[in-house]
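First to last, the protein sequences are chains X and A. The opening residue of the first sequence carries number 1476 in our numbering; numbering runs sequentially from there. The opening residue of the second sequence carries number 1476 in our numbering; numbering runs sequentially from there.
Number of protein chains: 2
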Amino acid sequence: MNQINDKPHPSYGPTNPAPGNQAAGQRQRYGSLIELNLEKEQAYRDLHAAVWPTIVERIKQANIENYSIYVAPIGDRKYLFSYFEYTGSNFAADMASIAEDPETKRWWRETIPCQTPLPNRKPDEWWMDLESVFHLD
Amino acid sequence: MNQINDKPHPSYGPTNPAPGNQAAGQRQRYGSLIELNLEKEQAYRDLHAAVWPTIVERIKQANIENYSIYVAPIGDRKYLFSYFEYTGSNFAADMASIAEDPETKRWWRETIPCQTPLPNRKPDEWWMDLESVFHLD
Chain X
1476 MNQINDKPHP
1486 SYGPTNPAPG
1496 NQAAGQRQRY
1506 GSLIELNLEK
1516 EQAYRDLHAA
1526 VWPTIVERIK
1536 QANIENYSIY
1546 VAPIGDRKYL
1556 FSYFEYTGSN
1566 FAADMASIAE
1576 DPETKRWWRE
1586 TIPCQTPLPN
1596 RKPDEWWMDL
1606 ESVFHLD
Chain A
1476 MNQINDKPHP
1486 SYGPTNPAPG
1496 NQAAGQRQRY
1506 GSLIELNLEK
1516 EQAYRDLHAA
1526 VWPTIVERIK
1536 QANIENYSIY
1546 VAPIGDRKYL
1556 FSYFEYTGSN
1566 FAADMASIAE
1576 DPETKRWWRE
1586 TIPCQTPLPN
1596 RKPDEWWMDL
1606 ESVFHLD
């Protein structure tokens, strides 16, 4: 036995389809994680209870649906766990359309100071994309 | 200013309806959290890629839909985030029906050793129920 063989690896099957095995046109699910800055927690809560209508509209136009965010207290820190579904056909292009939107840039000036991204996220990520290990329709 | 006033509190609005303000019969969304035991990570992944059909059936009978679990690496630990939707009218009764099922008891003998519940969960919880701060249909 060596270190490499002992390392956990993805396991795919009927209740965790491999990314390539998902049916075409099927909605894609995203779980993401970021740290919540405790001194900005109330500001984050207030902003998200009444997200600006322009931002809501922009998210919908980018084919994002069924989008929820939860607060997770772990030890003396808090994290934000988000779940949403993507129904479009070009995720990168739709995300870029959000990032280029002037209203979204204004929104992010409010929300970014509330967050600390995970140090182990991928270089191009703000929220860290999480690996799915189970799904049941 | 005192300590109590400074403590963050829930904020409700159009994009975070208060629990009592949700439309009757509407599906309820649950986000939950538990720690994954690293030495049992592969076993957990393998079990969840091919969840026993009897367990899948029992979950569906309990009015649980659109159920996903993600792995979240935070520092030198890993956590499991789950998201599911409940479409029934008596969550406690449906959860009890799962807990009383002999097949589920057998399943939990496999999965419980893979998990460490959060110390700050409520006394009656295994997975910790997370507070929602945002939702968009």
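Glycine included, every Cβ here is placed at the ideal spot set by N, Cα and C.
Count the other CB atoms within 10 Å of the CB of residue i; is the residue buried (16 or more) or exposed (fewer)?
i	result
X:G1550	exposed
A:R1520	buried
A:G1506	buried
X:E1615	Not covered by the structure: residue 1615 of chain X. The range shown for chain X is 1476 to 1612.
X:E1532	exposed
X:Q1510	According to the sequence provided, residue 1510 of chain X is Glu. The question's Gln does not apply to it. Buried, since its Cβ has 16 or more Cβ neighbours within 10 Å.
X:M1476	Unreliable placement is indicated for X:M1476, whose pLDDT of 45 sits below 50; the coordinate value is still reported in the next sentence. Answer is exposed; the Cβ neighbour count stays below 16.
X:Q1478	Any reading at X:Q1478 needs caution, since the residue's pLDDT is 49, under 50, leaving its predicted position unreliable; the model's value is listed next. X:Q1478 should be labelled exposed.
Have a look at residue i and residue j and give me their C-alpha separation to the nearest angstrom.
i	j	result
A:T1591	A:N1541	24 Å
X:Y1554	A:E1600	19 Å
A:R1502	A:P1494	12 Å
X:D1481	X:V1608	18 Å
A:S1557	X:R1504	12 Å
A:A1524	A:E1578	18 Å
A:M1570	A:T1529	16 Å
A:H1484	A:F1566	26 Å
X:P1598	X:D1576	22 Å
X:W1583	A:R1584	45 Å
Under the assumption that residue i contacts residue j (Cβ atoms under 8 Å), give the Cβ distance between them as a whole number of angstroms.
i	j	result
X:A1518	A:L1605	Contact flag wrong, Cβ pair sits at about 19 Å.
For residue i, I'd like the list of residues in its chain whose CB is within less than 8 Å of its CB, leaving aside the five on either flank, ordered along the chain.
i	result
X:I1534	Y1542 and I1573
A:L1513	R1552 and K1553
If you compare alpha carbons, which of the options is closest to residue i?
i	options	result
X:L1611	X:T1490, X:R1596, X:P1485 and X:K1482	X:T1490
A:W1527	A:P1598, A:L1593, A:T1586 and A:E1510	A:T1586
A:G1563	A:P1598, A:Q1536, A:P1483 and A:L1508	A:Q1536
A:C1589	A:F1559, A:L1522, A:E1575 and A:F1566	A:L1522
X:L1593	X:L1508, X:F1566, X:N1565 and X:D1576	X:L1508
Quick one: what's got a C-beta closer than 7 Å to residue i's C-beta in the same chain, skipping five residues either side?
i	result
A:A1568	none
A:Y1561	R1502, Q1503, Y1505, N1538 and I1539
Residues in the same chain with beta-carbon distance under 6 Å from residue i, minus the five sequence neighbours each way, listed in chain order, please.
i	result
X:R1596	M1603
A:R1581	none
A:F1559	Y1505, I1539 and Y1542
X:Y1487	A1493
X:Y1545	F1556
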